[in-house]
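Reviewing the structure listed below.
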Amino acid sequence: AQRVTQPEKLLSVFKGAPVELKCNYSYSGSPELFWYVQYSRQRLQLLLRHISRESIKGFTADLNKGETSFHLKKPFAQEEDSAMYYCALNRRLEGGSEKLVFGKGTKLTVNP
Amino acid sequence: DGGITQSPKYLFRKEGQNVTLSCEQNLNHDAMYWYRQDPGQGLRLIYYSQIVNDFQKGDIAEGYSVSREKKESFPLTVTSAQKNPTAFYLCASRQHPAGYTFGSGTRLTVV
């Protein structure tokens, strides 16, 4: 079954500390993975996707097919990074349709 | 400005009542989706539509219905059969290879 696992429900770090949000997936085929962020009372926003390999707001994520992981990292956390983070896998279906499968999310709190 | 508009932002429903949530996009995207967000559950797919006049059930379709009469519109009806409708509902759209775009959501509360 295709699924996404975010093992940490809550993660708390201090400002300036490195942060890593874990994401593991199971998928038969070549995965397309995303990280979405949801700040308090705001809409879900695309943070990054593995195929573009770009860095947004200092965050990076590398796809590790051997470990089936797509962990999100930032070397120096900022207070404004406090938010809910979702890892998601694009699942391709029969007939050319597709859908996004989400992990349960990790709530990141960056303390001053 | 291109985007997805969901309305209303807040909706209150009485027990046994059907309510319809609106989702409109001006991105010219073919595919549209409805997700339900609950604390600790992540986002779960209710219904999706790849083209006009076609839609499929997602993982938690029971108690919900949709229509896709126009490319830009994908309304979701929460019926009285939905046992626990209080949740945050998110609409999304996509045109491959771009990522998915989400609306700002509708918070539905049963009173």
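Protein sequence lines, in the order shown, are assigned to chains D and P.
By this note's numbering, the letter at position 76 of the first sequence is numbered 76, and the numbering carries on one by one without gaps.
Take the position in the second sequence, starting the count at 1, then add 1000; the result is the number in this note's numbering.
Backbone N, C-alpha and C define an ideal beta-carbon position, used for all residues, glycine too.
Straight-line gap, residue i to residue j (C-alpha atoms, nearest Å)
i                 : j                 : result
Ser82 (chain D)   : Leu1045 (chain P) : 25 Å
Tyr27 (chain D)   : Lys73 (chain D)   : 22 Å
Glu1072 (chain P) : Arg1013 (chain P) : 26 Å
Asp1054 (chain P) : Ser1067 (chain P) : 8 Å
Leu1043 (chain P) : Phe102 (chain D)  : 6 Å
Lys119 (chain D)  : Gly1058 (chain P) : Nothing about residue 119 (chain D) can be reported from this structure: the residues present for chain D run from 1 to 112 only.
Glu1015 (chain P) : Tyr1064 (chain P) : 15 Å
Met84 (chain D)   : Thr1079 (chain P) : 29 Å
Tyr86 (chain D)   : Val1111 (chain P) : 30 Å
Leu100 (chain D)  : Phe14 (chain D)   : 32 Å
Ala61 (chain D)   : Gln1017 (chain P) : 44 Å
Glu94 (chain D)   : Ile1051 (chain P) : 14 Å
Reference residue i, options the options, closest by Cα
i                 : options                                    : result
Tyr1010 (chain P) : P:Gly1016, P:Ile1004, P:Thr1020, P:Gly1003 : P:Thr1020
Gln78 (chain D)   : D:Val110, D:Gly103, D:Lys104, D:Ser55      : D:Val110
Ala1031 (chain P) : P:Val1111, P:Leu1090, P:Tyr1048            : P:Tyr1048
Ile1060 (chain P) : P:Ile1004, P:Pro1075, P:Val1052, P:Tyr1035 : P:Tyr1035
Pro75 (chain D)   : D:Arg43, D:Leu89, D:Ile56, D:Val4          : D:Ile56
Gln38 (chain D)   : P:Phe1088, P:Ser1093, P:Pro1097, P:His1096 : P:Phe1088
Phe70 (chain D)   : D:Ala17, D:His50, D:Lys104, D:Gly58        : D:His50
Lys1083 (chain P) : P:Leu1027, P:Glu1024, P:Pro1008, P:Thr1109 : P:Thr1109
Residue i - partner residues in DSSP beta bridges
i                 : result
Gln32 (chain D)   : Note that residue 32 (chain D) is Glu in the sequence shown, not Gln. Beta-bridge pairing links Glu32 (chain D) to D:Asn90.
Tyr1089 (chain P) : P:Arg1036, P:Thr1106
Glu1062 (chain P) : DSSP lists no partner for Glu1062 (chain P).
Arg1094 (chain P) : P:Ala1031
Ala61 (chain D)   : D:Leu72
Glu98 (chain D)   : D:Arg92
Test: residue i CB closer than 8 Å to a CB of chain P
i                : result
Lys9 (chain D)   : yes
Leu59 (chain D)  : A small correction: the amino acid at residue 59 (chain D) is Phe; Leu does not occupy that position in the sequence shown. No, its Cβ sits nowhere closer than 8 Å to a Cβ of chain P.
Leu44 (chain D)  : yes
Lys74 (chain D)  : no
Gly105 (chain D) : yes
Lys65 (chain D)  : no
Three-state class that DSSP yields for residue i in the structure shown
i                 : result
Gly1042 (chain P) : strand
Asp81 (chain D)   : helix
8 Å Cβ cutoff, residue i in contact with chain D
i                 : result
Gln1050 (chain P) : yes
Ser1104 (chain P) : yes
Leu1108 (chain P) : no
Pro1041 (chain P) : According to the sequence shown, residue 1041 (chain P) is Gln rather than Pro. It does: the Cβ of Gln1041 (chain P) has a partner Cβ on chain D nearer than 8 Å.
Leu1045 (chain P) : yes
Leu1021 (chain P) : no
Tyr1033 (chain P) : yes
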